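Residue 297 in UniProt numbering sits at position 297 of the sequence shown, with consecutive numbering throughout. By construction, the Cβ of each residue, glycine as well, lies at the ideal position given by its N, Cα and C atoms. Predicted model only: the values in this text are computed from it and were never measured.
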Amino acid sequence: MATPDSKPPPAYVTVSALDGGHLTLPERLFVTDADPDKRSTVPSLAFLIQHPPTNLNLVFDLGVKRDLNGYTAAQRAHIAQRQPVLVSPDVAASLRTGNPPLDPARDVDLVILSHVHWDHVGTPSDFSTATFAVGSGTLDLLKNGGGPLYPSELFNDDELPAQRTVEFPPVPSGGVEYDTEEHETRVPEPTPAAPAALSSLTSKLPAAASWAWHPIDGFPFPHALDFFGDGSLYVIDTPGHLYGHVNLLARLGDRSYVYLGGDCCHDPRILAGDKDIAIYPDGKGGVRSVHVDTAMARRTLDRLADFIHDAAKEGEVDIEVVVAHDGVWKEQNRHRFWPGTL
């Protein structure tokens, strides 16, 4: 019998990888010392996260749209530079491969997007009863863009269902300061959730869910959000790549975690220290990277790399890091795709 001073047992989630299509990346735009002609077709990984205490099903990222005509004209022009693009199987089809199969419209309760670049937004209409959660400023970004290098034409302003989408709160004042001078970027503003979206969210999450940013004891992340309120899944604020970019830290066991890194980097060799973020001409007389704020993206990566190093050295936790476009990880871990687990 539990006593008033006893702590509840630790909670865990199960995580399964999902296919989300493929795109082709010119290596010279993503890593230093690259072969200028090398192009790699890589996955856009998504993940099914199941929370046994509540029986909730959550999907992290949605990959590439099943129908490329669902993108804006400017997006399609960009996608033409990323061919070949493979749209099948997409996330919805991947979910249906389980036993029993999961119906995206009926069985997925929540969707978290790491960010809203075209290769992560997928087909939101497949998830017609899910509540969507996105980083602060995302809805403004979809509508108004983020400056000359991130114009509104590269986003779809009705990408997400307004009555079922909630932004995570902004990090505390002073926590993130973007460099708006380098490329005259526009930092999007937070958008309050519609009452229906808040009602949808609160009806699904446990009462203990804490949607406030705090550090995690023993972890180097200054801004983490305890999504279910039981320590099983943390949303990590990871600025630098795109406004509203978030990662997830999922607890799989007593000392076992997986860190889902989205686009914190596009090549695991950067995280390992073997490569750096590529810098290239921006077409406007300056230089840029694939990140909205390169220095901030590096700081985010440095924090994650230090965490991995310290975890390996101290041996207190086992942590696996998976970024969205790691083709080697996919080929070596097919058995961990749904209905398999990490």
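C-beta contact flag for T24 and V42 at 9 Å: Your numbering for residue 24 matches position 24 in the sequence shown. Your numbering for residue 42 matches position 42 in the sequence shown. Going by C-beta atoms, T24 is nearer than 9 Å to V42.
May I have the straight-line CA-CA distance separating T341 from L95, to the nearest angstrom? Walking along the sequence shown from the start, residue 341 turns up at place 341. Walking along the sequence shown from the start, residue 95 turns up at place 95. Straight-line Cα distance between these residues: approximately 13 Å.
Delimiting residues of the alpha helix (DSSP H) encompassing residue 346: It is not possible to answer for residue 346, since the shown part of the chain is limited to 1 through 342.
Whether or not the stretch 67-87 and the stretch 101-111 are in contact is what I'm after, with contact meaning three or more pairs of Cβ atoms, one per stretch, closer than 8 Å; do they touch? Because the criterion of three Cβ pairs below 8 Å is not met, the stretch 101-111 and the stretch 67-87 do not touch.
Considering only the beta carbon of each residue, do V290 and H223 sit closer than 9 Å? Along the sequence shown, one-based indexing puts residue 290 at 290. Along the sequence shown, one-based indexing puts residue 223 at 223. No, they are not a contact pair.
Is the closest heavy atom of the ligand COA to the C-beta of R186 under 8 Å? Absence of the ligand COA from the depicted structure is noted, as is the absence of any ligand whatsoever, leaving it without description.
Within 10 angstroms of its Cβ, does T129 collect 16 or more other Cβ (buried), or is it exposed? Numbered from 1 along the sequence shown, position 129 holds the residue referred to as residue 129. When all chains shown are included, T129 counts as exposed.
Here's the rule: buried if 16 or more other CB atoms are within 10 angstroms of the residue's CB, otherwise exposed. What is Y280? Mapped onto the sequence shown, residue 280 falls at position 280. The residue is exposed, with fewer than 16 neighbouring Cβ atoms inside 10 Å.
Using 9 Å as the threshold, is the C-beta distance between G262 and G137 below it? Position 262 of the sequence shown holds residue 262. Position 137 of the sequence shown holds residue 137. It is not a contact, given that the beta carbons lie outside the stated cut-off.
C-beta neighbour in chain C for L139, strict 9 Å: Checking the listed chains, one finds no chain C in this structure; it contains a single protein chain.
Go ahead and pull the three-state DSSP assignment for R303. Within the sequence shown, the letter at position 303 stands for residue 303. Three-state DSSP puts R303 in a helix.
Going residue by residue through the stretch 190-255, where are the continuous alpha helix (DSSP H) segments of at least 4 residues, counting only ones entirely within it? 195-204
Given this structure, state the Cα-to-Cα distance separating P171 from H214, to the nearest angstrom. Counted from its first residue, the sequence shown places residue 171 at position 171. Counted from its first residue, the sequence shown places residue 214 at position 214. According to the sequence as given, residue 171 is Val; it is not Pro. Taking the straight line from one Cα to the other gives about 9 Å.
T165 versus K204 - alpha carbon distance: The count along the sequence shown starts at 1 and reaches residue 165 at position 165. The count along the sequence shown starts at 1 and reaches residue 204 at position 204. Distance between the alpha carbons of T165 and K204: 13 Å.
Taking the alpha helix (DSSP H) that E331 falls in, what are its first and last residues? By one-based count along the sequence shown, residue 331 stands at place 331. E331 -> alpha helix (DSSP H) spans G327 to Q332.
Classify D109: buried if its beta carbon has 16 or more other beta carbons within 10 angstroms, exposed otherwise. Here residue 109 refers to the residue found at position 109 of the sequence shown. With 16 or more other Cβ atoms within 10 Å, it is buried.
Could you work out which residue in R334, A46, R28 and Q75 is closest to L248 when comparing CA atoms only? Position 248 of the sequence shown, counting from 1, holds the residue named residue 248. Checked all of R334, A46, R28 and Q75; the closest Cα to L248 is A46.
Decide if Q81 is buried, meaning its Cβ has at least 16 other Cβ atoms within 10 Å, or exposed. In the sequence shown, residue 81 corresponds to position 81, counting from 1. When all chains shown are included, Q81 counts as exposed.
Whether G145 touches F132 by CB criterion (9 Å): By 1-based counting over the sequence shown, the position of residue 145 is 145. By 1-based counting over the sequence shown, the position of residue 132 is 132. Contact flag unset, no.
Using DSSP's beta-bridge definition, name the partner residues of A133. Taking the first residue of the sequence shown as position 1, residue 133 is located at position 133. Its beta-bridge partners are I112 and V166.
Among H78, W329, A17 and I49, the one whose alpha carbon lies nearest that of P26: Numbered from 1 along the sequence shown, position 26 holds the residue referred to as residue 26. Considering only alpha carbons, the answer is H78.
Would you tell me roughly how many angstroms separate the C-alpha atoms of P192 and A162, rounded to the nearest one? As a working mapping, residue 192 is identified with position 192 in the sequence shown. As a working mapping, residue 162 is identified with position 162 in the sequence shown. Approximately 11 Å between the Cα atoms of the pair.
Less than 7 Å between C-beta atoms, sequence neighbours within five positions excluded: which residues of the same chain meet that for S200? Reading the sequence shown from its first residue, position 200 is the one you call residue 200. Cβ within range, chain order: T131 and R164.
Can you have a look at P188 and say buried or exposed, based on whether 16 or more other CB atoms are within 10 angstroms of its CB? Reading the sequence shown from its first residue, position 188 is the one you call residue 188. Burial call: buried.
Using C-beta distances below 7 Å, list every residue in its chain close to I270, excluding the 5 sequence neighbours before and after it, in chain order. Residue numbering aside, residue 270 sits at position 270 when the sequence shown is read from its first letter. Exclusion of the five residues before and after I270 leaves V31, D276, I277 and L301 as the residues of its chain whose Cβ lies within less than 7 Å of its Cβ.
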